[in-house]
Structures are given as C-alpha cells and as structure tokens.
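Below is one structure, written out as structure tokens, with a few remarks after it.
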C-alpha cells in the first residue's frame, strides 16, 4: 500500500512539473489558490458550506470509478483495498476539512468525512455522455452539427433579449436577434 501512495505522489509531482512549475512553487500555488478560492466562496455566499461540501465530494467521487476500483481490487487484498480507499478519501477531504475547521464548521466537517467513508462502499461512474437526439443520427447534416457545437449561444441571446426588454434598449434586442441569425447562417459555411 505504501508503494501505491508513493506512486500517486510521483504522478502528482510529474503533473506539476509537466505544467511548467518547479515542485515547491507548484505546491505553494496550489495551496494559495485553494485558500483564496475557499475564502472567496465563504465571503460571498451564504450557502458556501453546502457548495463547499459538494465540491469536496465531487473530488472524492472521482475515486469511485468502477474500472479503477476493479483494478485496485485485483491488485490488493480485500482489507488492504478498503484501507486504501479510506485513506485516499480522507486525503482528498483533508484540505476541505481543515478549512471547515478554520471556519468553525465542526459539525459539517464531521458530516463531510462521514460521506467520504460512505463513498468507499460504492462504485459509480461519474462520466456522463449525453447527446442531443436528432432524427438524423446516422447522417447528420450541417444544421444539427452546427447546433450541437454552438447551443450555448442561444440561452445567451435569449438572456440579452430579456435584458433589452427590461431596460427598454431596442438595439440590444436587435443585436440578440442578429446573433441568432448569424449563428444559424454560420452552420452552412462549412459543409460536413
């Protein structure tokens, strides 16, 4: 088990150096960014505790991939595997727990660690592959391909239209209509 954690530490060190930072500077930057983002979250929202817990559990849930855990089960004995998963989950939750203790959220830090223990019992996939269904699934044409690539523009355009109505800015409304039109016309500039 010790070799596994040494290997994970070497992988983390390699990722930091591949990113272009010396190890010491990389760890200091990770720590500073974590602290600053945590303080920012707790300063600006009243539901920071819940968001913070969800962020921590999303990191822990990355360890619950079925393929990864099946591999670990094949390498380690059952008791060693359970210990390894517990230690991993606690390591991932440790910075969040320390910051919650700093914020005097003792009960919530205990709840977060209980969830980390519960997550060791289950394996679930966090990959969500969703596609927009179309009647042209085997041979999509230009419009469906273009829409799939630029669907996020439409809510922005509708939001701009709402703003133009509320502030009575006719030009902003025209711009949002033109934005949708130009986006739709751009689908046919490249034929797939």
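In our numbering, the protein residues as written are 27 to 218.
Yeah, the Cβ is synthetic: ideal placement off N, Cα and C, and Gly gets one too.
Query raised in the report: residue 52 to residue 66, Cα distance in whole Å?
Result: Looking up residue 52 in the chain shown gives position 26. Looking up residue 66 in the chain shown gives position 40. Our two residues, residue 52 and residue 66, have alpha carbons roughly 21 Å apart in a direct line.
Requested in this report: Taking the CB atoms as reference points, tell me whether residue 75 and residue 132 lie closer together than 9 Å.
Outcome: In the chain shown, residue 75 corresponds to position 49, counting from 1. In the chain shown, residue 132 corresponds to position 106, counting from 1. In this structure, residue 75 sits away from residue 132, with a CB-CB distance that is not shorter than 9 Å.
Query raised in the report: Roughly how many whole angstroms lie between the Cα atoms of residue 190 and residue 82?
Result: On the chain shown, residue 190 is found 164 positions in, with the first residue counted as 1. On the chain shown, residue 82 is found 56 positions in, with the first residue counted as 1. Going by the C-alpha atoms only, they are around 39 Å apart.
Requested in this report: Can you give me the Cβ contacts of residue 184 inside the same chain, cut-off strictly under 8 Å, excluding the 5 residues immediately before and after it?
Outcome: Within the chain shown, the letter at position 158 stands for residue 184. Contacts found: 202.
Query raised in the report: Does the distance from the CB of residue 89 to the CB of residue 111 come in under 9 Å?
Result: Against the chain shown, residue 89 aligns to sequence position 63. Against the chain shown, residue 111 aligns to sequence position 85. At the C-beta level, residue 89 and residue 111 come within 9 Å of one another.
Query raised in the report: Can the beta-carbon of residue 113 be found less than 9 Å from the beta-carbon of residue 31?
Result: Taking the chain shown and counting its residues from 1, the one referred to as residue 113 is at position 87. Taking the chain shown and counting its residues from 1, the one referred to as residue 31 is at position 5. Going by C-beta atoms, residue 113 is nearer than 9 Å to residue 31.
Report task. Give the straight-line distance between the Cα atoms of residue 84 and residue 195, rounded to the nearest whole angstrom. Result -> In the chain shown, residue 84 corresponds to position 58, counting from 1. In the chain shown, residue 195 corresponds to position 169, counting from 1. Distance between the alpha carbons of residue 84 and residue 195 is about 41 Å.
Report task. Please state whether DSSP places residue 131 in a helix, a strand or coil. Result -> As a working mapping, residue 131 is identified with position 105 in the chain shown. Correct three-state label for residue 131: coil.
Query raised in the report: Do you know whose CA, among 180, 107, 58 and 97, lies nearest residue 28's CA?
Result: Locating residue 28 in the chain shown gives position 2, counting from the first residue. Per the Cα distances, 107.
**Report entry** Closest residue to residue 181 among 129, 57 and 205 (Cα-Cα distance)
**Finding:** In the chain shown, the residue the question calls residue 181 occupies position 155. Answer by Cα proximity: 205.
Report task. Could you pull the start and end residues of the alpha helix (DSSP H) that residue 48 belongs to? Result -> Walking along the chain shown from the start, residue 48 turns up at place 22. Neither: residue 48 is in no alpha helix (DSSP H) and is coded neither H nor E.
Query - Terminal residues of the alpha helix (DSSP H) in which residue 86 lies - result: As a working mapping, residue 86 is identified with position 60 in the chain shown. Its alpha helix (DSSP H) spans residues 74-87.
Query raised in the report: Buried or exposed: which applies to residue 115, given that a residue is buried once 16 or more other Cβ atoms fall within 10 Å of its Cβ?
Result: To locate residue 115, count along the chain shown from 1; it is residue 89. Buried, by the Cβ-count rule.
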